[in-house]
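What follows is one structure encoded as structure tokens, with my remarks underneath.
Numbering (this note's numbering), first residue to last: -18 to 53.
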């Protein structure tokens, strides 16, 4: 019975895994395919309601009407 009490924790320890599933084993280069990925295109976001450098209109805040501004 004492042997079983000593062997059970050792068996559990031996069966446990310390690696994260899907983790790299260090054999592959993680940057190997990075050159094939194109950079995203830049985009511009504008609004007829919001002007750069101006204060945000109160109607479009939670203290005002809480209405989303038109975006394009």
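In this text, a Cβ means the ideal position worked out from N, Cα and C, and glycines have one as well. Remember, it's a predicted structure, so these values are computed and weren't measured experimentally.
Query                                                                                                                                                  : Result
May I have the straight-line CA-CA distance separating residue -4 from residue -12, to the nearest angstrom?                                           : 12 Å
What three-state label does DSSP hand residue 52 in the structure shown?                                                                               : coil
If I measure Cβ to Cβ from residue 30 and keep anything under 7 Å in the same chain, skipping five residues before and after, which residues do I get? : 38, 41, 50, 51
So residue 29 is in the alpha helix (DSSP H); what residue range does that whole segment cover?                                                        : Note, residue 29: premise wrong, no alpha helix (DSSP H); not H, not E.
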